[in-house]
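Residue numbers (the numbering used here), protein chains in the order written: chain A, -1 to 276; chain B, -1 to 276; chain C, -1 to 276; chain D, -1 to 276; chain E, -1 to 276; chain F, -1 to 276. Positions of the beta carbon are idealized from the N, C-alpha and C atoms, including for glycine.
Number of protein chains: 6
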Amino acid sequence: MLKHYQIDDLIRRALEEDIGTGDVTTNSTVSADRIIRGRLIAKEQGVICGLPIFRRVFELLDSGIELNCHVQEGDSVPQGAVVAEISGPAREILTGERVALNFLQHLSGIASGTHEAVIRIAGSKAAIVDTRKTTPGLRTLEKYAVRIGGGANHRFNLSDGILIKDNHIRAAGGITQAVAAARQNAPHTLKIEVEAETMDQVEEAIACKADIIMLDNMTAEEMKTAVRFIDGRAIVEASGNMGEKDLKEVADTGVDLISIGALTHSVRALDISLRFED
Amino acid sequence: MLKHYQIDDLIRRALEEDIGTGDVTTNSTVSADRIIRGRLIAKEQGVICGLPIFRRVFELLDSGIELNCHVQEGDSVPQGAVVAEISGPAREILTGERVALNFLQHLSGIASGTHEAVIRIAGSKAAIVDTRKTTPGLRTLEKYAVRIGGGANHRFNLSDGILIKDNHIRAAGGITQAVAAARQNAPHTLKIEVEAETMDQVEEAIACKADIIMLDNMTAEEMKTAVRFIDGRAIVEASGNMGEKDLKEVADTGVDLISIGALTHSVRALDISLRFED
Amino acid sequence: MLKHYQIDDLIRRALEEDIGTGDVTTNSTVSADRIIRGRLIAKEQGVICGLPIFRRVFELLDSGIELNCHVQEGDSVPQGAVVAEISGPAREILTGERVALNFLQHLSGIASGTHEAVIRIAGSKAAIVDTRKTTPGLRTLEKYAVRIGGGANHRFNLSDGILIKDNHIRAAGGITQAVAAARQNAPHTLKIEVEAETMDQVEEAIACKADIIMLDNMTAEEMKTAVRFIDGRAIVEASGNMGEKDLKEVADTGVDLISIGALTHSVRALDISLRFED
Amino acid sequence: MLKHYQIDDLIRRALEEDIGTGDVTTNSTVSADRIIRGRLIAKEQGVICGLPIFRRVFELLDSGIELNCHVQEGDSVPQGAVVAEISGPAREILTGERVALNFLQHLSGIASGTHEAVIRIAGSKAAIVDTRKTTPGLRTLEKYAVRIGGGANHRFNLSDGILIKDNHIRAAGGITQAVAAARQNAPHTLKIEVEAETMDQVEEAIACKADIIMLDNMTAEEMKTAVRFIDGRAIVEASGNMGEKDLKEVADTGVDLISIGALTHSVRALDISLRFED
Amino acid sequence: MLKHYQIDDLIRRALEEDIGTGDVTTNSTVSADRIIRGRLIAKEQGVICGLPIFRRVFELLDSGIELNCHVQEGDSVPQGAVVAEISGPAREILTGERVALNFLQHLSGIASGTHEAVIRIAGSKAAIVDTRKTTPGLRTLEKYAVRIGGGANHRFNLSDGILIKDNHIRAAGGITQAVAAARQNAPHTLKIEVEAETMDQVEEAIACKADIIMLDNMTAEEMKTAVRFIDGRAIVEASGNMGEKDLKEVADTGVDLISIGALTHSVRALDISLRFED
Amino acid sequence: MLKHYQIDDLIRRALEEDIGTGDVTTNSTVSADRIIRGRLIAKEQGVICGLPIFRRVFELLDSGIELNCHVQEGDSVPQGAVVAEISGPAREILTGERVALNFLQHLSGIASGTHEAVIRIAGSKAAIVDTRKTTPGLRTLEKYAVRIGGGANHRFNLSDGILIKDNHIRAAGGITQAVAAARQNAPHTLKIEVEAETMDQVEEAIACKADIIMLDNMTAEEMKTAVRFIDGRAIVEASGNMGEKDLKEVADTGVDLISIGALTHSVRALDISLRFED
């Protein structure tokens, strides 16, 4: 799903960043013809994400490195699982190890966190979605990891989704005016989403036929009322520090989407490491 | 400390990533001549880091945006603190807001986490240092945030530090051989650090005059023994899942450095947001 | 509306392309301190588009060049109109002239062509929209020119609009299945557009609640029938060699949008030139 | 003739521009293992140009796509001709289709237009040549298409040809002075071309041994007089809105070159499309 | 003459190359508010070249650095001459010093070497010209330095000059055929130069009206004969290890150009250094 | 040792620089299907360096070019030695020849010069090292050539070595203060080097435990005294116009390192050329 033309530049920059002018330790202590063999171990349970990038890092370093994956992208693995086996020239493997793991651990961390959220709301009709609170430069990868973890993607950027927030409302002179302006001026291919903090706003947004309504920082009780009022006339999204909320309770209000910034802005890397044979 | 030639490309890529082909919401609902005024609020206590980048994001978008900072880079601020005031063209400020905050929240998260670790070992002689477990593409910024948080930097990449790990030792035929090879072949400007998992390894490393010894995954008791044996003949670094250890206990063993991968691989963003006036 | 960070790279590449290793004619025949003064003349009537780029080309070449525009971006001007006056160092102006004009003439050609189409359907409720049939590398600029000419933009690229065409329908097993798959898997912020070549397809698309229906290569009569059937339940777009159709007749069928590939794939440059004073 | 290192960057930028963050329609409606097969059809007669780029677009997307061309680059084909057959993974083919066609249609449009001009002057000794009035960023490709269409290339940029125009003449103090300055200061590898609007200027240019004389905006009668006067002492180029002139009449004046800006500044795309099998 | 858009990328790459992740010495020993003042001294006599780049290096590092030049670009200065005075923030000046000097010393080395060659043939009508034997990546700068040193430029690259060498002659089947092919196929704006190693070849080249004849590795006596035979019918260039020949003797044969690869492939840096005040 | 991701960009820029818009001579005189065969000849004795780049230039131009090397990277070869044989498409080989040779001759020049210096101090324990006085943009390659020639590398840039010079000493208030500041603030992985011009400075540097002492511009006698005093307590480097000194005499003073700027700032290209068969 991730194409070389999308990730190669990112990987090259990461390699330049980590290798600098050369791996002085490896080049001075390991002979050029030494072969090494190792296993990629999940040191805690989680969802594996980023194997295509992990593989590509080594491909860009040396065509002689072989990687045999034991799990599929997106698999949940138990602690201790052997994710893959790697073998090839010791110098290139040791030089690329850190960059390959940095990508894999970060993306697996996101996929695992997303997966946890998805599990917590199992049984509800709601979907877990991400936000634009991503790490600068890594949005495509991070949103990919959210999908791998079982979540769905909110808009990728400011051009592929219309989200009318309080400042837009104030600037336009009200929700009705803002929606009309967006309908008039923004591309017709995009749905119109309106952020609402009160039931009055929800009612106004529905009255002017917003396609999606984001309930911002409402209590579960308020969300229930809003969902009942909207009654299928718009997609409903719950938002606002969802990373710290009781997701099950939110999902049970009947909302369609729960967007969680913490999925990508506060990532705990999954502990994965390479173990080489003696 | 961060120069434009170092950060402008990074910021441009982040803007392209977030703006895509244009901010369709803002451009369709906010008039081009509208002026906006807002305050940057710390919604939780922490160390502020990234103000020069926050400022630069807006400079690259529009020369008419003004930012007045109320705190200094690196200041610890209480919850609710006004970090800065911003004013200027509404369109450009709303369009740039997310990218500017993504940088600021991430770096402030790292600085705050580092600061907490530094506080926990206050009174010891040890320093908190980072690792190469950074987010791909952001190493320069993340290591900067560690310094702002009161930590120190370990090597930036594979070319500005020699760190002989188990695989190098095995490849070279032993610690003694590995150190000799590094002394022979690596640049003479770099100190030689050796990773030791046992007291035997510590003794061998000292015998061949390693400059720095990394105690990997040792108990506090083992570390104390090692420090006593080394007795100033090398810099001593404690390493191995330090993010989950009792840092005070580790510091009290007498080590010089405590390196913590979690400072940068598992970052919790600091909650900071822009509040605009009505 | 066009920001420097969006156009500077494009302009730099165009300058490198045209200047090569230096303007050998100008550098050898014009002295470095010579000042020149000229007027930008529209040699045929049309809509002027691209003045901010025209200006920026010279800014990137020399800060001493002055440009005073006599018309606004998007103005319709008669043949012979003075669009702007320019003055400054002769060498830099002569060296940059061709690149600046190439941008201006191409974009004004698009804006003028779009404007003609808009005029032809004046009085109808339909909007003229563009397609993805743009010149490689210039899409942002060309879609901007369509807006300046009075048209609206269809999706910018494959990620900010869902357009289900015959191959997607065949692959999914039918319109109903394709729409369901898109609703399930594609971002919820995007409307779903379906291409229909027959009334059966129109009916199926309406039945599964497509947001937009593209009538592909239908006769005016067929379009009327389709519009009557759809009856406001979806946005209706007319498509298919519209560059060669009677636009007024198409507009009068009641469609909402008329998309015309020729606006950008077959552009006639507007004849504009720089005249320098003796 | 077009090497990968010359076109790959251009293609990558075009793919990024068109794919954005992913082809949401195709990815959500077409399964990853679906194979598709189609034919590239010329929907009008013309000269095919750009097949190496068409092929390369798909190579950069997926190594499993096969393209079998039925015609050669530069062939004139009748309406309805099958230009090539394509087969491979449906997702990648559908995702790359538009970019590949945008290049092919634009370049075939230029080659076809050039070919028409060449045909019109068949029997004369004159050559059709292009100008620097090209689409920003595409000059190398557009000049290649002119050659494929049977034309020849004028200078590529300001550094590989000396063309002394009215402003250079005025700045230098006259044709004689300008030619002397160019002979003195410009690289000796380049011929000196002078633009002449009157017979006096032609005579002065010949007197100072200009290598090429451009007759700017002259009538056929004036050109004949000039050609007779020049009598082989310089190459003669006809110029000035040649896109709208009777080319045969111009060619019959005996000029060596007819340069036409419209070949590249006002391109009509050739109608070519991909038809997939059911 | 050197524009920012031509040199800024080159300078940025040089700064990144030299600064790496930061100037650890300066940042740790010099306080951020320290001001420094120094003089740029020519430690040997020579021609100064590269001042605009020297200045630009510091501009890109810090806008507060001031540089006052005491000599003009291209001036010959005696040993000990003060070339310029610099003052500003100590950190940025010390960090940028080496890159700025590397450019200046290299270009001044080329200009000085060229100037020496020009002096040696003073009184003759011949010009000293460079070749394509330049340092990869620096051709524009190095050819600029040749001009500053009083030389002229041969073609910049393979596209702005036709030079038919032995392999082209062999491939085309003879000088006559090669010249005809070039006249037929190469851009008409370029002169045709032919390399000749014998008088027979000179005669054939003249017979087919070559514009420039390069006498390759001929003795002075042979060159005299060739010049006499050519008698103004073509420009004559002397070539072949000219860096080791008696240039005066070559010039006295009556050739128009003497091309010397060593001007740029074997450069001795001019000794210039920055001296800071106590 | 040189990886594709490190050199490909450099090679691409060099090819663009030299080929411009196309090799007009070769393309017009050599047919596309012609095969050529040649030998790479060392026209003077020296150390060959750069074969991997020489090979890569042709790989990037055409996959059908074959290169068989007769010598190894780093071999010393006599005048007239056949370094390699090349065969393949004539056009691509002739077009790439100059760029490939420019790299090879420059790097072989550096390796040969370094080798001469190494030979001159044979028998001593000293190593020849390079400096940061390299050609902008080529540092990685030039430092590689120094290693191939038998030398060792000093720091690559300002971030992987601490070198306290007179200005740092003055800014910090003395050697002792500067060393303390560096030990406090700079990365702990780097050794601390201090430049000393007098014995007093040597003594102060030793007193504060500098790791490396650079003796700047001392006489052989002074160096001997310094080495005796230091007595193994620090690495000793001799510096200061070493390119013009009697290296044997310097080496015999007992210093560990002799750093020579001229190795890279004043390079004489090794004369190597391609000879093609008739």
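Out of Ile117(A), Leu156(A), Asn151(A), Thr138(A), which has the shortest C-alpha to C-alpha gap to Asp128(A)? Asn151(A)
Comparing the C-beta of Phe52(E) with each C-beta of chain C, is any distance below 7 Å? no
Quick check on this structure: which residue in Thr196(C), Ser237(C), Ala109(C) has the alpha carbon closest to the alpha carbon of Phe283(C)? Since the first residue of chain C shown is -1 and the last is 276, residue 283(C) is not available in this structure.
Could you tell me the distance, in whole angstroms, from the CA atom of Leu139(A) to the CA atom of Asp198(C)? 41 Å
Using beta carbons (cut-off 7 Å, strictly below), is Leu58(D) in contact with chain A? yes
Determine the burial state of Ser61(A): buried for a count of at least 16 other Cβ atoms within 10 Å of its Cβ, exposed for fewer. exposed
Using a Cβ cut-off of 9 Å, pull out every chain A residue sitting near Val248(B), in sequence order please. The contacting residues do not exist; Val248(B) stays about 19 Å from chain A at best.
Taking only three categories from DSSP, how would you classify Asp214(F)? strand
Under 7 Å Cβ to Cβ from Lys41(D), same chain only, skipping five residues before and after it: list those, please. Gln77, Asp269, Ile270, Ser271
Along chain D, which residues have their Cβ under 8 Å away from the Cβ of Phe154(C)? Gly18
Do the region 171 to 179 of chain D and the region 86 to 99 of chain C touch if we need at least three Cβ pairs shorter than 8 Å? no
To the nearest angstrom, report how far apart Glu71(C) and Asp21(D) are at their CA atoms. 33 Å
Work out the CA separation of Glu14(F) and His263(F) for me, nearest whole Å. 25 Å
Are the region 145 to 160 of chain E and the region 104 to 121 of chain F in contact at 8 Å, needing three or more beta carbon pairs? no
Beta-carbon contacts of Phe274(F) that lie in its chain and below 6 Å, excluding the five residues immediately before and after: Ile34, Gly36
Quick one: does Pro134(C) have its CB under 7 Å from some CB of chain A? no
Proximal residues, the region 2 to 13 of chain D versus chain A, C-beta separation under 8 Å: Arg10, Leu13
How would you list, in chain order, the residues of chain E whose beta-carbon sits under 7 Å from the beta-carbon of Asp276(D)? Result: empty, since nearest Cβ-Cβ is about 47 Å, beyond 7 Å.
Relative to the C-alpha of Asp7(C), which candidate in Gly48(C), Thr217(C), Val177(C), Leu136(C) has its C-alpha closest? Leu136(C)
Along the chain, where does the beta strand (DSSP E) containing Glu83(F) start, and where does it finish? 80 to 87
DSSP on Phe274(F), reduced to helix/strand/coil? strand
Please look up how many angstroms separate the CB atoms of Ile190(A) and Arg231(A), rounded, as I've assumed it's under 8 Å. That belief does not hold up - the Cβ atoms of Ile190(A) and Arg231(A) are roughly 13 Å apart, past 8 Å.
Given a limit of 7 Å on CB to CB distance, which residues of the region 22 to 54 of chain D reach chain F? none
Give the interface partners of Asn183(F) over in chain E, defined as CB-CB distance under 9 Å, in chain order. Val22, Asn25, Ser26, Thr27
Outcome for Ile162(A) when other beta-carbon atoms lying within 10 angstroms are tallied against a minimum of 16: buried
Answer with buried or exposed for Ile117(D), where buried requires no fewer than 16 other C-beta atoms within 10 angstroms of its C-beta. exposed
Is the Cβ of Ala115(F) closer than 7 Å to any Cβ of chain E? no
For Thr187(F) versus Gly107(B), is the C-beta distance shorter than 7 Å? no
Among residues of its own chain, excluding the 5 on either side of Ala267(D), which ones have a beta-carbon nearer than 6 Å to its beta-carbon? Gln103, His104, Gly107
If I follow the unbroken beta strand (DSSP E) through Asn183(C), where does it start and stop? No beta strand (DSSP E) contains Asn183(C), which is instead part of the alpha helix (DSSP H) from 173 to 183.
Answer yes or no: the CB of Gly135(E) versus the heavy atoms of the ligand HEM, is any distance below 6 Å? Ligands in the displayed structure: none, and consequently the ligand HEM is not present.
Where do the N-terminal and C-terminal ends of the alpha helix (DSSP H) with Ser26(C) fall, by residue? 22 to 27
In three-state DSSP terms, what is Arg35(B)? strand
Under the three-state DSSP convention, the category Leu255(C) falls into: strand
On the three-state DSSP scale, how would you describe Leu65(D)? strand
Looking at chain D, is there any beta carbon in it that lies within less than 7 Å of the beta carbon of Thr138(A)? yes
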